[in-house]
Amino acid sequence: MLKSTPHQISVTRDGLLVSRRLTATVADAVPAARHLVRERFGRRPLHAVEVIVTSPKRLARIAAISQGEAAGVPADVFMDKTLSLTTRPGDLYSVTVIAPKGVIRILVNSTRVRRRTREIGGTLVWAFVEADQLCRKGAVERRIALTRHEMGTDVLPKGKARSLYRIEAEMEAEAAKVTGQILGKVVRQNRHAETQAAHEVRPAENAAA
Numbered sequence: 025m026l027k028s029t030p031h032q033i034s035v036t037r038d039g040l041l042v043s044r045r046l047t048a049t050v051a052d053a054v055p056a057a058r059h060l061v062r063e064r065f066g067r068r069p070l071h072a073v074e075v076i077v078t079s080p081k082r083l084a085r086i087a088a089i090s091q092g093e094a095a096g097v098p099a100d101v102f103m104d105k106t107l108s109l110t111t112r113p114g115d116l117y118s119v120t121v122i123a124p125k126g127v128i129r130i131l132v133n134s135t136r137v138r139r140r141t142r143e144i145g146g147t148l149v150w151a152f153v154e155a156d157q158l159c160r161k162g163a164v165e166r167r168i169a170l171t172r173h174e175m176g177t178d179v180l181p182k183g184k185a186r187s188l189y190r191i192e193a194e195m196e197a198e199a200a201k202v203t204g205q206i207l208g209k210v211v212r213q214n215r216h217a218e219t220q221a222a223h224e225v226r227p228a229e230n231a232a233a
């Protein structure tokens, strides 16, 4: 894998059964989602991001490989492990993980979003919020520590592990809250635009009459 530069975003599919059309739909939605999150958080630089559309089973495997490699875990260990982030991959719309060379990977569950294409935009907003969280000071180091803990190469004391899991839960709650706020703002803006358009159309219709 080539070293990626900051702000670089790519979208690919993983798995022969993953639809090219669905991947293209996800790719089309990425710029808007990224813009909304960047607009919310402002100046924080974003690491290179790889968006991968894949099946639930492969999603869990890619997550383990990505974070295992980033954490320096031997391949013969991480290939047989499942992260707590992906214990139930079929329930996930996406998961955001660290990867080697400072890359962040957003793994999109093709089965989920194929059935609910209207959720693609919201799914990507949530994922980019999580990507932004991983750009914060100390976030990658915490994720590395948890990965090594879960894979058994550097098991943490119970108190330290609980502390890191609590931070992860707080980040998830924040991602849910911020995503709701961002999408709510988009809905309000769209409604305002529709109202303005309606007001402009009525005078024109009256004039034509």
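Residue numbering for the sequence shown is 25 to 233, as defined by the working numbering.
Built from N, CA and C at the ideal position, the CB exists for glycine as well.
Check, Outcome
"Cβ of VAL42 within 8 Å of Cβ of VAL77?", "yes"
"Please classify HIS71 as buried or exposed, where buried requires at least 16 neighbouring CB atoms within 10 angstroms.", "buried"
"Grouping DSSP H, G and I as helix and E and B as strand, with all else coil, what is ARG64?", "helix"
"Could you give the uninterrupted runs of the beta strand (DSSP E) lying entirely in the segment 97-185, keeping only those of 3 residues or more?", "118-122 and 128-133"
"What does SER79 pair with, by DSSP beta-bridge criteria?", "Per DSSP, none; premise fails for SER79."
"When you compare only the Cα positions, how much space is there between ALA197 and THR147?", "15 Å"
"Assign THR36 to buried or exposed, taking buried as 16 or more other Cβ atoms, counted over all protein chains shown, within 10 Å of its Cβ.", "exposed"
"On the three-state DSSP scale, how would you describe ALA200?", "helix"
"Would you tell me roughly how many angstroms separate the C-alpha atoms of LEU131 and ASN214, rounded to the nearest one?", "29 Å"
"Out of ARG190, GLN157 and GLU143, point me to the one whose CA is closest to ILE122's CA.", "GLN157"
"Near THR29, what residues of its chain come up, given a Cβ to Cβ distance below 7 Å and the 5 sequence neighbours on each side ignored?", "Note that THR29 scores a pLDDT of 48, beneath 50, so its modelled location is shaky and nothing firm can be said."
"Roughly how many whole angstroms lie between the Cα atoms of ILE128 and GLY204?", "22 Å"
"When you compare only the Cα positions, how much space is there between LYS125 and VAL210?", "34 Å"
"Determine, using beta carbons only, whether ALA88 and LEU107 come nearer to each other than 8 Å.", "yes"
"Label ALA56 either buried or exposed according to how many other C-beta atoms from any shown protein chain fall within 10 Å of its C-beta, with 16 as the threshold for buried.", "exposed"
"Let's see if you can read the secondary structure: which residues bound the beta strand (DSSP E) around VAL42?", "Taken as a continuous stretch (DSSP letters only), VAL42 belongs to no beta strand (DSSP E), as it is neither H nor E."
"Between the alpha carbons of ALA185 and GLY66, how many angstroms are there, rounded?", "31 Å"
"Based on the DSSP secondary-structure assignment, which residues constitute the bridge partners of ILE33?", "VAL73"
"Do you know offhand how far ILE86's Cα is from ARG212's?", "37 Å"
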